[in-house]
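Here the structure is laid out as structure tokens; the discussion comes afterwards.
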């Protein structure tokens, strides 16, 4: 899970890494006030979870509060790098003498954490050779000699060693504390008053969110900004909207199998709206997850059909059948466009229940995909009742 | 034959008194898996489905000579359970738990390597040698004994492909669910040499997905003879997955240029692995590969 720049910087500051004072703004008026409060020229930075903001025009210099408001006005609410800018972050412009790249990354392949140092502004992905790296030993931490050797290798002056080591140690502590998989300061600027992080990127392990202080709250309060993580944390399953203008909703279980279903449907011309791993094994008869998904899916006017896929290992399909029927009861117009593929424990009883309810059922995945594509085509013909949720009272 | 688990295994279940563990212990016993005991702190001396329960792994190993352990516990207990298994003398650990923190796995991997102990998982369905032993939660009915080794990151995709192989008369020697996490106990490359050495295994199917570098490592392993020339077929899920979005599994995320479908398929194909476009194509590709292998004297 990636944090916004302003959130990452807040954590850097709390860990003792120097950052600039900044203000978060959601309106041009707030930007005017913020720029005035910060004083002098400021940088207006769009807050989106994507790299390359600078090149895309999402980071702009403002000489005064009026210009700051103008930039904010141009950025807020508009698309940037495929995302919508909800907030901008304002900071005073710093006097930069030199820029560095400093970070820690989890190298899953080698099962270790790497310390990274390089020239500022470097695109680590396209120029990995420009970055000096060394494995971090959890018991040894980051000794100063590692920093000195890094500076030597990069041809950078040794007088950076002491301040850089201080920042690097604080950053490493943050990496462990937040269960991070990546923390990056690019650029870490050397200024007349010392080193300061001009940008910060922090990616944390969602599996450890509840242990890392403050992160669970971030997700709980960010149902829109951290939508995928929010569902996982609060509802206990996975739902990722991949195509809001798609036509097929997936109520499916199993991550790899759902990815496969998405591939197969896409190949045959369908447009899945979502990825899901419902984890039916932990549902029993409780329809909550299914109802939540149907509610989301039926808000998409382009929805035409729904595919349910459960390869039951732990799941008892009869229990699941009850849950599905309960959930579908709230969307009567949807029933004729639902295709169920199920196989495994309790299948016979489940099929009986579904057939009585008039829902198409098959044990074969390829057949189910064919059937859901047919349902989708049928739903495109005129005079087909809308699949959108019925308003109360019909 | 098979790899890692068979009728001669001696298997304990850690967390045996939990509801999932109790259910699966019963099923495993019904299927003939050689379970010899369970571990539940404070419940030593009791029984679950006739299995003796011990307070610690060390006590269980001392009493039963177990060398294999199945961990069916919530993720927050997984690290300690794995460490206890190593401490207690277990040689092969299967951890099904989903949601084990990545930093926990860093620590665990260090200890495993130091002890020379093998871990399968976490976040996986475990191992299944059809007809002989199930160490995990894979549904036995999808499998039957045969000569195809299957290694899968995804449980459900692994079941789906195995079911198709079974229906096509191509049974499995051993099914290995290696799990969906970025740091795992064993990856494809750790298990391919075992299949290479197993006389019963004549071909291997790899079920991969986007994210990470497991498949690329597998390709490297195969290219330098890690599979001893036995044929391999792969299906990789996530061709249509959007970048930078996590598809359920902790490790299933395309990050920049790392973990793309195209990169994996390219690497595997270059190593001579036949790539299936769809699960439906896997059995035919396996059959063709087996015919070719037996045809060449």
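Chains as they are written, first to last, in the working numbering: chain R, 94 to 487; chain E, 178 to 474.
Even glycine gets a Cβ: it sits at the ideal position worked out from N, Cα and C.
These figures come from a predicted structure and were not determined experimentally.
State yes or no: is the beta carbon of residue 267(E) nearer than 7 angstroms to at least one beta carbon in chain A? Included in the structure are the protein chains R and E, with no chain A among them.
So that I know if they touch, is there some Cβ in chain R lying closer than 7 angstroms to that of residue 144(E)? Because chain E in this structure spans residues 178 to 474, residue 144(E) falls outside the shown range and cannot be described.
If you reduce the DSSP assignment to three classes, tell me which class residue 266(E) lands in. The count along the second chain starts at 1 and reaches residue 266(E) at position 89. The answer is coil: DSSP assigns residue 266(E) none of H, G, I, E or B.
Could you check what DSSP says for residue 185(R) in three-state terms: helix, strand or coil? The sequence position of residue 185(R) within the first chain is 92, counting from 1. In this structure, residue 185(R) counts as strand in the three-state DSSP scheme.
For residue 431(R), is the beta carbon positioned less than 6 angstroms from some heavy atom of the ligand ZN? Questions concerning the ligand ZN fall outside what the structure shown contains, since it holds no ligand whatsoever.
What does DSSP give as the partner residue(s) for residue 368(R) in the beta ladder? Counting from one through the first chain, the residue named residue 368(R) turns up at place 275. According to DSSP, which records beta bridges pairwise, residue 368(R) is partnered with 333(R).
Is it buried or exposed, residue 363(R), if we count other Cβ atoms within 10 angstroms and call 16 or more buried? The residue labelled residue 363(R) in the question sits at position 270 within the first chain. Buried.
Cα-Cα separation, residue 408(R) to residue 295(E): Here residue 408(R) corresponds to residue number 315 of the first chain, with the count starting at 1. Here residue 295(E) corresponds to residue number 118 of the second chain, with the count starting at 1. Approximately 29 angstroms, taken between the alpha carbons.
So what does residue 197(R) bridge to, in DSSP terms? Start at 1 with the first residue of the first chain, and residue 197(R) comes out as number 104. In DSSP, residue 197(R) forms a bridge with 208(R), 276(R).
Let's see if you can read the secondary structure: which residues bound the beta strand (DSSP E) around residue 108(R)? Within the first chain, residue 108(R) is the residue found at index 15, counting from 1. Taken as a continuous stretch (DSSP letters only), residue 108(R) belongs to no beta strand (DSSP E), as it is neither H nor E.
Taking just the CA atoms, how far does residue 465(R) sit from residue 273(E)? As a working mapping, residue 273(E) is identified with position 96 in the second chain. As a working mapping, residue 465(R) is identified with position 372 in the first chain. Whole-angstrom Cα-Cα distance: 33 angstroms.
Any beta-carbon of chain R closer than 7 angstroms to the one on residue 205(E)? If you number the second chain from 1, residue 205(E) lands on position 28. Output row for residue 205(E): interface = no.
Cα-Cα separation, residue 227(E) to residue 203(R): Taking the second chain and counting its residues from 1, the one referred to as residue 227(E) is at position 50. Taking the first chain and counting its residues from 1, the one referred to as residue 203(R) is at position 110. So the alpha carbons of these two residues sit roughly 42 angstroms apart.
Segment limits, beta strand (DSSP E) that includes residue 138(R): As a first step, residue 138(R) must be located in the first chain, where it is residue number 45. Note, residue 138(R): beta strand (DSSP E), 135-139.
Buried or exposed: where does residue 164(R) fall if 16 or more other Cβ atoms within 10 Å of its Cβ makes it buried? Here residue 164(R) corresponds to residue number 71 of the first chain, with the count starting at 1. Classification of residue 164(R): buried, given that the 10 Å Cβ count is 16 or more.
Run down chain E in chain order and give the residues with a C-beta less than 7 angstroms from the C-beta of residue 208(R). Position 115 of the first chain, counted from the start, is the residue given in the question as residue 208(R). Those do not exist, as residue 208(R) stays about 15 angstroms from chain E at its closest Cβ, beyond 7 angstroms.
According to DSSP, simplified to helix, strand and coil, what is residue 301(E)? For the purposes of this step, residue 301(E) is identified with residue 124 of the second chain, where counting begins at 1. Residue 301(E): coil per DSSP, three-state reduction.
Answer yes if the stretch 163-181 of chain R comes into contact with the stretch 239-248 of chain R, meaning at least three C-beta pairs across the two stretches below 8 angstroms, and no otherwise. no
Let me see if you follow: with CB-CB separation under 7 angstroms, is residue 349(R) close to chain E or not? Position 256 of the first chain, counted from the start, is the residue given in the question as residue 349(R). Yes - at least one Cβ of chain E is within 7 angstroms of the one on residue 349(R).
Mind checking which residues open and close the alpha helix (DSSP H) that includes residue 465(E)? Locating residue 465(E) in the second chain gives position 288, where the first residue counts as 1. Note, residue 465(E): alpha helix (DSSP H), 459-472.
Once the 5 residues before and after residue 380(R) are set aside, which same chain residues still bring their CB inside 6 angstroms of it? Here residue 380(R) refers to the residue found at position 287 of the first chain. Cβ neighbours of residue 380(R) beyond the five flanking positions: 416, 419, 420.
Compute the Euclidean distance between the alpha carbons of residue 413(E) and residue 253(E), then round it to the nearest angstrom. Here the question's residue 413(E) lines up with position 236 in the second chain. Here the question's residue 253(E) lines up with position 76 in the second chain. Distance between the alpha carbons of residue 413(E) and residue 253(E) is about 30 angstroms.
Give the secondary structure of residue 285(E) by DSSP, where H, G and I count as helix, E and B as strand, and everything else as coil. The residue labelled residue 285(E) in the question sits at position 108 within the second chain. Helix, per DSSP.
Using a Cβ distance threshold of 8 angstroms, determine whether the stretch 348-363 of chain E contacts the stretch 393-411 of chain E, with at least three qualifying pairs required. no
Taking Cβ-Cβ distances below 7 angstroms as the criterion, which residues of the stretch 423-438 of chain E are in contact with chain R? 423, 424, 425, 426, 427, 429, 433, 434
Assign residue 218(E) to buried or exposed, taking buried as 16 or more other Cβ atoms, counted over all protein chains shown, within 10 Å of its Cβ. Taking the second chain and counting its residues from 1, the one referred to as residue 218(E) is at position 41. Residue 218(E) is exposed by the Cβ-count criterion.
Which residues of chain R have a Cβ atom closer than 8 angstroms to the Cβ of residue 276(E), listed in chain order? Residue numbering aside, residue 276(E) sits at position 99 when the second chain is read from its first letter. Neighbours of residue 276(E) on chain R, chain order: 300.
Whose C-alpha, out of 375(E), 302(E), 396(E), is nearest the C-alpha of residue 250(E)? On the second chain, residue 250(E) is found 73 positions in, with the first residue counted as 1. Ranking 375(E), 302(E), 396(E) by Cα distance to residue 250(E) puts 302(E) first.
Taking C-beta pairs closer than 8 angstroms, name the residues in chain R that residue 280(E) reaches, listed in chain order. As a first step, residue 280(E) is located in the second chain; it is residue number 103 there, counting from the start. Chain R residues near residue 280(E): 269, 272, 298, 301.
If you pair each beta-carbon of the stretch 318-334 of chain E with each one of the stretch 183-196 of chain E, do three or more pairs fall below 8 angstroms? no
Checking contacts by CB at 7 angstroms: is residue 416(E) closer than that to chain R? For the purposes of this step, residue 416(E) is taken as the residue at position 239 of the second chain. Answer yes: the Cβ-Cβ gap between residue 416(E) and chain R drops below 7 angstroms somewhere.
Contact criterion: CB-CB distance below 7 angstroms. Does residue 352(R) meet it with respect to chain E? Your numbering for residue 352(R) matches position 259 in the first chain. Yes, residue 352(R) lies at the interface with chain E (some Cβ there is under 7 angstroms from its Cβ).
Should residue 327(R) go down as buried or exposed, given a rule of 16 or more other Cβ atoms within 10 Å for buried? Counting from 1 along the first chain, the entry for residue 327(R) is found at position 234. With fewer than 16 other Cβ atoms within 10 Å, it is exposed.
Using the beta-carbon count (16 or more within 10 Å), is residue 476(R) buried or exposed? Residue numbering aside, residue 476(R) sits at position 383 when the first chain is read from its first letter. Low confidence applies to residue 476(R): its pLDDT is 44, below 50, so where it sits in the model is not reliable enough to give any reading.
Reduced DSSP secondary structure (H/G/I, E/B, other) of residue 231(E): Numbered from 1 along the second chain, position 54 holds the residue referred to as residue 231(E). In this structure, residue 231(E) counts as strand in the three-state DSSP scheme.
If the cut is a Cβ gap below 8 angstroms, which residues of chain R does residue 357(E) touch? For the purposes of this step, residue 357(E) is taken as the residue at position 180 of the second chain. Those within 8 angstroms of residue 357(E) in chain R are 348, 349.
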